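Numbering (my numbering), first residue to last: 942 to 1241. Even for Gly, the Cβ is constructed at its ideal location relative to N, Cα and C. Owing to the predicted nature of the structure, the values given are computational and were not obtained by experimental measurement. Okay, so here's the structure we're looking at.
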Ligand SMILES: [Zn+2]
Ligand SMILES: [Zn+2]
């Protein structure tokens, strides 16, 4: 099997934030009234938009909510290249002392603009599609439950180049072998193997293949559900120290449940417990420690 010399990674994190009272009112008014609110700083008296956290001008606590805009002036902009022509703009809404950052459509610096409201509004900043040249049209109002949360999605794609040591390790995994290497100075045996010893900063060598049995040195049972969770709770994550290794790595400790899913071991997990790797079939392996080994099974 020829492994790629780079790994594609995706950090895909979904968050749900509680809004707090000021942002709850801010988002609810966007959705129901097509109205924009700022908050007056209790220390400097300036009006901050959006009313999030503390005053961005002086750090003071935010006090009463103040209706601003909806019109304003473009104070700065960055044209975004490619795709539909649009810009990121800083708009100073009428009555505000800070700029709201949003998208602009066919705008220029110094132009009077107003929000273009989305037809379907859900209580997010995207209820404003963008800012465009001011016109007299007014959107319709509606009523709904106050907005209590903000959903945010962070998605980050990156490519990681694979060095010689990691490539050798990954090729071994596909064959069902767990490679390790050893620091010539302190004698520590690393798995996954390392190009350099993190303690002594000297190159590691002395390659060896370890067995797939080891010991749990520490563990945590995950009982709390969270957005994006892929494994059914409760499940157990542990530091596993393979026999002959000095370093540990994180892996799942489990057993196969009635529907083929991973479950926490029926007899529980303890520090010092003996475990053995539960490998995926060779055809499914991709040279990844936390995937080619599906989990570790109790072995006592
Ligand atoms: Zn202030
Ligand atoms: Zn060392």
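Own chain, CB closer than 7 Å to residue i, minus 5 neighbours either side, in chain order
i: residue 1226; result: 1114, 1115 and 1233
i: residue 1158; result: 1180, 1182, 1189 and 1212
i: residue 1164; result: 1174 and 1175
i: residue 1120; result: 1109, 1110, 1113, 1134, 1148 and 1150
i: residue 1217; result: 1153, 1154, 1237, 1238 and 1240
i: residue 1084; result: 973
i: residue 1178; result: 1160, 1161, 1163, 1191 and 1193
i: residue 1019; result: 1028 and 1029
i: residue 1145; result: 1122, 1123, 1124, 1131, 1134, 1135, 1136, 1137 and 1138
Best match in the options for proximity to residue i [C-alpha to C-alpha]
i: residue 980; options: 972, 959 and 1002; result: 1002
i: residue 1123; options: 1155, 961, 1031 and 1187; result: 1187
i: residue 1050; options: 1073, 1069 and 960; result: 1073
i: residue 1230; options: 1132, 1224 and 967; result: 1132
i: residue 1014; options: 1056, 962 and 1166; result: 1056
i: residue 985; options: 973, 994, 1032 and 1000; result: 1000
i: residue 1195; options: 1161, 1047 and 1239; result: 1239
i: residue 1167; options: 1103, 958 and 944; result: 958
i: residue 1032; options: 1021, 1052 and 1022; result: 1052
i: residue 1137; options: 1162, 1105 and 1160; result: 1105
i: residue 1075; options: 1046, 1197 and 1042; result: 1046
i: residue 987; options: 1037, 1019 and 1224; result: 1037
i: residue 1215; options: 1019, 1202, 1184 and 1062; result: 1184
i: residue 1203; options: 1223, 1172 and 1221; result: 1172
i: residue 1253; options: 1058, 1087 and 1061; result: Outside the shown range of the chain (942 to 1241) lies residue 1253, about which nothing can therefore be said.
Supposed close pair residue i, residue j - CB separation, criterion 8 Å
i: residue 1035; j: residue 1009; result: 6 Å
i: residue 976; j: residue 983; result: About 22 Å; that fails the 8 Å criterion.
i: residue 1192; j: residue 1142; result: About 27 Å; that fails the 8 Å criterion.
i: residue 1039; j: residue 989; result: 5 Å
i: residue 1048; j: residue 1030; result: 6 Å
i: residue 960; j: residue 1091; result: 6 Å
i: residue 1006; j: residue 978; result: 5 Å
Three-state secondary structure assigned by DSSP to residue i
i: residue 1246; result: An answer regarding residue 1246 cannot be provided, because it is not within the stretch 942 to 1241 covered by the chain.
i: residue 1237; result: strand
i: residue 1068; result: helix
i: residue 1126; result: coil
i: residue 1112; result: helix
i: residue 998; result: coil
i: residue 1033; result: strand
i: residue 1142; result: coil
i: residue 1017; result: strand
i: residue 1090; result: strand
i: residue 1167; result: coil
i: residue 1106; result: helix
i: residue 1061; result: coil
i: residue 1156; result: strand
i: residue 1118; result: coil
i: residue 1215; result: strand
i: residue 1225; result: helix
i: residue 1232; result: helix
i: residue 969; result: helix
i: residue 1010; result: coil
Environment of residue i [buried if 16+ CB atoms lie within 10 Å]
i: residue 1107; result: buried
i: residue 1155; result: buried
i: residue 1127; result: exposed
i: residue 1011; result: buried
i: residue 1097; result: exposed
i: residue 994; result: exposed
i: residue 1228; result: buried
i: residue 964; result: buried
i: residue 1068; result: buried
i: residue 1205; result: buried
Cutoff 6 Å; reference residue i; Cβ partners in own chain excluding five residues on either side
i: residue 1118; result: 1150
i: residue 991; result: 967
i: residue 1044; result: 1027 and 1071
i: residue 1042; result: 1031
i: residue 1250; result: A question about residue 1250 goes unanswered here, because the residues of the chain that appear run from 942 up to 1241.
i: residue 1062; result: 972 and 1068
i: residue 1016; result: 1031, 1033 and 1040
i: residue 1197; result: none
Sequence-distant residues of the same chain with beta carbon closer than 8 Å to residue i, five excluded per side
i: residue 926; result: Shown here, the chain extends from 942 to 1241; a query on residue 926 therefore has no answer.
i: residue 946; result: 1102, 1103 and 1108
i: residue 1100; result: 947, 948, 949 and 950
i: residue 1089; result: 959, 960 and 965
i: residue 1210; result: 1157, 1160, 1162, 1177, 1179, 1194 and 1239
i: residue 1221; result: 1232, 1233, 1234 and 1235
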